[in-house]
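This report concerns only the one structure given below.
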Amino acid sequence: MQNVIFDRIEKDISNNDVVLYMKGSAEFPQCGFSALVVQTLSQLGVTFKDVDVLEDKDIRQGIKDYADWPTIPQLYVKKEFVGGADIIREMYESGELQDLLTQKNITFTAAA
Amino acid sequence: MPMDAKTIENMILESIPDSTVHIEDLRGDGDHYSAHVISSAFEGKSRIEQHKMVQSALKGKLDGELHALAIQTSLPKNT
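So the protein sequences, as listed, match chains A and B.
Position 11, counted from 1, in the first sequence is what my numbering calls 11; the numbers after and before it change by one each time, with no gaps.
Position in the second sequence counted from 1, then plus 1000, gives you my numbering.
Below, the structure written as structure tokens:
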């Protein structure tokens, strides 16, 4: 059963450069931590796919098993798990996130 | 069922003995905490690995009893 879920996850993160597994949608986040990552990506002008785990409890559990990470949100860049809200925010503030995006050829707007 | 700060602190200290732990209750409801963990055990590890060490110290309480935990990890200043 888990393979079906992992396949779905693999498909999403393969077909989209940046994927955010979150609570709620990018337009209407349902949790402060998820909202924080959305805000960070928006500030950088990064295009991303949002997956609302509240809509699908198989994905909600599956993504935690997939990453071996117990919490949501989870950000994937070019199939690689980058981290949750705390890590993303720290990387944004230190410039590491921007470096990672550049390295992976993901377009974003440099800070003003 | 909310957890209390001391329990969180002790679980982390037990799992990462050589560390300093600062816990803050973000909303006063025992359900949203931030934990800043300082330890030389984090040396050479990526952020994800460091956070996983803190997560496993809390052995499955995350997203269960403990609803939200903001984790911050760092190395001791005088390294």
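Note that beta-carbon positions come from the ideal geometry of N, C-alpha and C, so glycine has one too.
Here the structure is a predicted model, which means the values were calculated and not measured.
Residue i, buried or exposed, once every other Cβ within 10 Å from all chains shown has been counted against 16
{"i": "B/H1051", "result": "buried"}
{"i": "A/Q43", "result": "exposed"}
{"i": "B/S1074", "result": "exposed"}
{"i": "B/S1046", "result": "exposed"}
{"i": "A/F28", "result": "exposed"}
{"i": "B/L1026", "result": "exposed"}
{"i": "A/T107", "result": "exposed"}
{"i": "A/Q2", "result": "exposed"}
Of the listed residues the options, nearest to residue i (C-alpha basis)
{"i": "A/K78", "options": "A/K104, A/E96 and A/D99", "result": "A/K104"}
{"i": "B/Q1055", "options": "B/D1031, B/E1024 and B/A1068", "result": "B/A1068"}
{"i": "A/E93", "options": "A/Q39, A/D65 and A/N3", "result": "A/Q39"}
{"i": "A/R89", "options": "A/F33, A/R60 and A/V4", "result": "A/F33"}
{"i": "B/L1013", "options": "B/D1025, B/I1038 and B/E1049", "result": "B/I1038"}
{"i": "B/E1009", "options": "B/D1031, B/E1043, B/V1021 and B/Y1033", "result": "B/V1021"}
{"i": "B/M1011", "options": "B/K1059, B/Q1072 and B/D1029", "result": "B/K1059"}
{"i": "A/Q30", "options": "A/F6, A/D52, A/I9 and A/D86", "result": "A/D52"}
{"i": "A/P73", "options": "A/Q98, A/L41 and A/G95", "result": "A/L41"}
Host alpha helix (DSSP H) of residue i (start-end)
{"i": "A/F33", "result": "G32 to Q43"}
{"i": "B/T1007", "result": "A1005 to S1015"}
{"i": "A/D12", "result": "Q2 to N15"}
{"i": "B/S1074", "result": "No alpha helix (DSSP H) contains B/S1074, which is instead part of the beta strand (DSSP E) from A1068 to S1074."}
{"i": "B/E1049", "result": "R1047 to A1057"}
Element boundaries [beta strand (DSSP E), containing residue i]
{"i": "A/I106", "result": "Counting along the chain, A/I106 falls outside any beta strand (DSSP E), and DSSP gives it neither H nor E."}
{"i": "B/A1035", "result": "H1032 to S1039"}
Check whether the stretch 19 to 36 of chain A and the stretch 46 to 62 of chain A are in contact - that is, three or more C-beta pairs closer than 8 Å. yes
Which complete alpha helix (DSSP H) runs does the stretch 51 to 96 of chain A hold, if anything under 4 residues is left out? 57 to 67 and 85 to 94
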